[in-house]
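Be aware that the sequence shown starts at 1, since it is given in the numbering used here, and climbs by one per residue.
These notes are about the structure you will find just below.
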Amino acid sequence: NIATPLPRLENLLPPDLDNEHKQLLEGLLQPQACINPKYFYDDTGCELFTRICELEEYYPTRTEAAIFEHSADDISAALVNHAQWIDLGCGDCSKSRRWLQHVTPARLIGVDIAGDFLQTCLADIAHEHPELECIGVVSDFTQRLDLGKLLAEDQSSPPMFFYPGSSIGNFARADALSLLRCIRRHCGDSGQLLIGIDLVKPPPILEAAYDDAEGVTAEFNLNVLQVANRLLHADFEPANFAHQAVYDPVQRRIEMRLVAQQSHNVQLQDVERHFDAGEYILTEYSHKYTTDDFSALLAEAGFHCQHLWTDPQEWFGVFLAEP
Ligand code: AVI
């Protein structure tokens with residue numbers, strides 16, 4: 001691997017990191033305290049998330065993988081424009097990497113918030129596929145996604161957006177719509193979007209997926225307090241909070257919470273925040289969609305659903321959307 005140059009990396013993060021910390025602090029000081037789920041993913045959080053994906057109760061990862069495997073030929077035949085393959089929230093790029101057995105893009109653009117990790121993973125892919133141009137984009141697309149300049153470099157190949165894992169479920173519906181509209185704008189007349197969506201199912205299955213018997217999800221949730229301690233010089237004591245995952249059937253979403261076990265104060269930079277016993281910090285929404293719901297959201301964003309692949313239980317859907 002030594003001879004392979006490191007893939008190009010574009011940093012689209014705003015230079016003002018203080019702003020990031022401000023967002024975290026503001027959330028914690030709201031009457032309903034909240035933490036944006038993007039703060040889960042420090043090194044420990046990423047490791048814990050990898051373990052979550054392997055849990056018996058956490059069906060989305062393996063169900064989506066099974067759909068991809070079972071329908072690989074069908075899906076790849078439907079991806080007519082895949083010369084520029086853009087993996088949103090690519091993490092270790094393992095999902096795109098698997099697709100490279102079936103598709104042959106000229107360019108792979110991996111978009112993620114963790115830059116160093118991204119470059120290393122893309123370097124491995126570039127080594128395996130010397131003909132593939134690999135580019136990393138460090139971006140927090142929960143705030144803004146602007147790949148205009150990069151895509152303009154190759155106007156003859158419309159973009160193929162790959163957004164697996166039902167990560168869009170972590171956006172409030174209005175924000176999910178904004179992101180889909182933004183992807184739609186990037187697609188022009190002939191781009192495509194292949195997106196994985198976790199579907200509505202009985203609440204006990206959902207609640208177990210977000211509150212596993214081994215306690216990995218609890219550890220993942222509580223770890224965000226350590227992230228806050230580091231970023232805000234705060235003094236959260238994780239033992240004072242308990243993990244909770246509740247499914248709201250009206251909003252069709254899992255709410256992950258950290259519930260204060262006793263009345264206490266936490267120092268956040270130079271402010272003190274009081275938590276009553278039973279009061280909670282909202283750390284994540286994970287929205288679930290029916291296939292009709294999500295097709296309607298795609299339509300609202302200016303897409304239409306060209307294909308839908310599901311598993312036999314219809315627990316997860318892979319949608320191919322086109323302008
Ligand atoms: C990343 N995201 C799609 C996961 C989900 O299922 O909402 C995050 C997660 N939170 C707890 N378990 C998994």
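Ideal Cβ placement from N, Cα and C applies to all residues, glycine included.
Given the structure is predicted, the values throughout are model-derived calculations rather than measurements.
Check your understanding: Is the segment 230-241 touching the segment 187-203 in the sense that three or more CB pairs, one from each, lie closer than 8 Å?
Key -> no
Check your understanding: Under 6 Å from any heavy atom of the ligand AVI, does the C-beta of Asn-170 make it?
Key -> As a first step, residue 170 must be located in the sequence shown, where it is residue number 170. Yes.
Check your understanding: What are the start and end residues of each continuous beta strand (DSSP E) run of 3 or more residues lying completely inside the segment 199-273, in chain order?
Key -> 241-248, 253-260, 264-268
Review point. Can the beta-carbon of Gly-169 be found less than 7 Å from the beta-carbon of Ser-286?
Key: Translated into positions along the sequence shown, residue 169 becomes position 169. Translated into positions along the sequence shown, residue 286 becomes position 286. Yes.
Exercise for review: Could you tell me whether the segment 304-320 touches the segment 69-86, using the rule of 3 or more Cβ pairs below 8 Å?
Suggested key: yes
Practice item. Could you spell out where the alpha helix (DSSP H) holding His-186 opens and where it closes? Key: Stepping through the sequence shown from its first residue, residue 186 is reached at position 186. His-186 -> alpha helix (DSSP H) spans 173-187.
Exercise for review: In the DSSP assignment, find the unbroken alpha helix (DSSP H) run with Arg-144 in it and report its ends.
Suggested key: Taking the sequence shown and counting its residues from 1, the one referred to as residue 144 is at position 144. Looking at the DSSP string, Arg-144 is not in any alpha helix (DSSP H), and its letter there is neither H nor E.
Check your understanding: Where does Ala-174 land, buried or exposed, given buried means 16+ other C-beta within 10 angstroms?
Key -> Looking up residue 174 in the sequence shown gives position 174. Exposed, because fewer than 16 other Cβ atoms sit within 10 Å of the Cβ of Ala-174.
Review point. Between which two residues does the alpha helix (DSSP H) containing Leu-118 stretch?
Key: The residue labelled residue 118 in the question sits at position 118 within the sequence shown. Start and end: 115-128.
Point to revise | Contact set for Cys-121: own chain, Cβ-Cβ below 6 Å, skip 5 residues either direction | key: Looking up residue 121 in the sequence shown gives position 121. Within the same chain, Cys-121 has close Cβ partners Asp-92, Cys-93.
Point to revise | Meets three-Cβ-pair contact criterion under 8 Å: the segment 125-140 and the segment 245-264 | key: no
Check your understanding: Taking 6 Å as the cut-off, does the CB of Thr-217 come closer than this to any heavy atom belonging to the ligand AVI?
Key -> Within the sequence shown, the letter at position 217 stands for residue 217. Correct: Thr-217 has its Cβ closer than 6 Å to the ligand AVI.
Check your understanding: Going by the C-beta, is Ser-139 closer than 6 Å to any heavy atom of the ligand AVI?
Key -> The residue given as residue 139 occupies position 139 in the sequence shown. No; taking the cut-off as 6 Å, the Cβ of Ser-139 has no heavy atom of the ligand AVI nearer than that.
Review point. What is the rounded straight-line gap between the Cα of Phe-171 and the Cα of Asn-36?
Key: Position 171 of the sequence shown, counting from 1, holds the residue named residue 171. Position 36 of the sequence shown, counting from 1, holds the residue named residue 36. Answer to the nearest angstrom: the Cα atoms are 10 Å apart.
Point to revise | Rounded separation between Asp-43 and Asp-189 - CA only | key: Here residue 43 is taken as the residue at index 43 of the sequence shown, counted from 1. Here residue 189 is taken as the residue at index 189 of the sequence shown, counted from 1. Those two C-alpha atoms are separated by around 39 Å.
**Study point:** Gln-155 in three-state terms, based on DSSP
**Key:** The residue given as residue 155 occupies position 155 in the sequence shown. Correct three-state label for Gln-155: coil.
Review point. By Cβ distance, which residues of its chain are closer than 7 Å to Asp-311, with the 5 residues on each side in sequence left out?
Key: In the sequence shown, residue 311 corresponds to position 311, counting from 1. Closer than 7 Å at the Cβ level, and outside the excluded window around Asp-311, lie Thr-63, Ala-66, Ile-67.
Point to revise | Same chain only: Cβ atoms within 6 Å of Tyr-58, ignoring 5 sequence neighbours per side | key: Counting from one through the sequence shown, the residue named residue 58 turns up at place 58. For Tyr-58, where only same-chain residues beyond five positions count, the Cβ hits under 6 Å are Ile-52, Ala-209.
Exercise for review: Label Lys-149 either buried or exposed according to how many other C-beta atoms from any shown protein chain fall within 10 Å of its C-beta, with 16 as the threshold for buried.
Suggested key: Working through the sequence shown from its first residue, we reach residue 149 at position 149. So Lys-149 ends up on the exposed side.
Check your understanding: Regarding Ser-156 and the ligand AVI, is the C-beta to nearest heavy atom distance less than 6 Å?
Key -> As a working note, residue 156 is residue 156 in the sequence shown. Ser-156: no, Cβ never under 6 Å from the ligand AVI.
Exercise for review: Under 8 Å Cβ to Cβ from Leu-24, same chain only, skipping five residues before and after it: list those, please.
Suggested key: In the sequence shown, counting from the first residue as 1, residue 24 sits at position 24. Ile-35, Asn-36, Tyr-39, Ala-228, Leu-231, Leu-232.
Exercise for review: Could you spell out where the beta strand (DSSP E) holding Tyr-280 opens and where it closes?
Suggested key: The count along the sequence shown starts at 1 and reaches residue 280 at position 280. 280-287 is the span of the beta strand (DSSP E), which, as asked, contains Tyr-280.
Check your understanding: Do the CB positions of Pro-323 and Cys-187 come within less than 7 Å of each other?
Key -> Here residue 323 refers to the residue found at position 323 when the sequence shown is read from its first residue. Here residue 187 refers to the residue found at position 187 when the sequence shown is read from its first residue. Contact flag set, yes.
Point to revise | With 16 other Cβ atoms within 10 Å as the buried cut-off, status of Asp-212 | key: In the sequence shown, counting from the first residue as 1, residue 212 sits at position 212. Per the 10 Å Cβ criterion, buried.
Exercise for review: Give me whichever residues DSSP pairs with Val-137 in a beta bridge.
Suggested key: Reading the sequence shown from its first residue, position 137 is the one you call residue 137. DSSP, once it has assigned bridges, lists Glu-10, Val-111 as partnering Val-137.
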